[in-house]
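In what follows, a single structure is set out as structure tokens and then discussed.
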Ligand SMILES: [Zn+2]
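Residue numbers (this note's numbering): 140 to 415.
What follows is the structure in structure tokens.
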């Protein structure tokens, strides 16, 4: 599933080609993408909108239009966007929508498992929608160790579950949480509110480090994630624990173990990440 670094990489690649462009034709071929609305109705509403900015909040991609409306795209498990010169897109059975821009290029949305969503918001609706669903952005300067501490304080839930909660912190998912916890030598089942000041500062630093590394590597390509020009990310080569069951911990050599926490596969080093 694309997390903050993957979605931000998509945003950075898409923005220069989309900002200022008009949607001249929109085809939405899958009702699931826009439900409960009708795909033809949403497509018709989008025609004639001009993009003023391509932004990101958490794992949402936001196309802002000059009218004040916004298209909120969530890629979920397997969604991806491709921006290509007109007529150059190859046939794709998993394509769910295509937008033709006024420079003749196409933005195509592909989604194998079809969990992704497109939601058109009217002027004034975006801020409230986001505020109800997302906590702070972990890469902003305002996200300090103190802020992290206040988000975790008094929470008895496992540390990993709180870090995955988008209402607590926006943009983290299974990969970057497992990597940040390993780097911080913290057990994912630690009650979130129990961390001391040193542990909080370590976790804060490592959350930012793994996200920044993910951005520098243009995200992690495991199966479906691709950049808008069809390229791959390379963050998967930087994983220290994620998906590495049985391989030696890069810090101490103990075999990495996989467990399940909150229904999610969870990779840890049993020596470096202990419950007190
Ligand atoms: Zn270890």
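Heads up, the beta-carbon is just placed ideally off N, CA and C, and yes, glycines get one too.
It should be emphasised that the depicted structure is a prediction, and the values quoted were computed from it without experimental measurement.
{"Query": "Cutoff 6 Å; reference residue 311; Cβ partners in own chain excluding five residues on either side", "Result": "302"}
{"Query": "At least three beta-carbon pairs within less than 8 Å, the region 206-226 to the region 366-385", "Result": "yes"}
{"Query": "Check: residue 405 C-beta below 7 Å from any heavy atom of ligand 1", "Result": "no"}
{"Query": "Whole beta strand (DSSP E) elements within the region 224-310, 3-residue minimum", "Result": "234-240, 245-250, 256-260"}
{"Query": "Distance, residue 152 Cα to residue 323 Cα", "Result": "31 Å"}
{"Query": "Inter-stretch contact (C-beta, 8 Å, three-pair minimum) for the region 372-382 and the region 288-300", "Result": "no"}
{"Query": "Reduced DSSP category for residue 415 - H, G, I as helix; E, B as strand; rest coil", "Result": "coil"}
{"Query": "Rounded separation between residue 405 and residue 343 - CA only", "Result": "20 Å"}
{"Query": "Residue 340 - DSSP class collapsed to helix/strand/coil", "Result": "helix"}
{"Query": "Where residue 346 sits in the DSSP three-state scheme", "Result": "helix"}
{"Query": "Closest residue to residue 327 among 396, 143, 166 (Cα-Cα distance)", "Result": "396"}
{"Query": "Residue 353 (DSSP reduced to helix, strand or coil)", "Result": "helix"}
{"Query": "Neighbouring residues (CB closer than 6 Å to any heavy atom of ligand 1)", "Result": "388, 390, 391, 393, 408, 410, 411"}
{"Query": "Residue from 204, 200, 245 with nearest C-alpha to residue 187", "Result": "204"}
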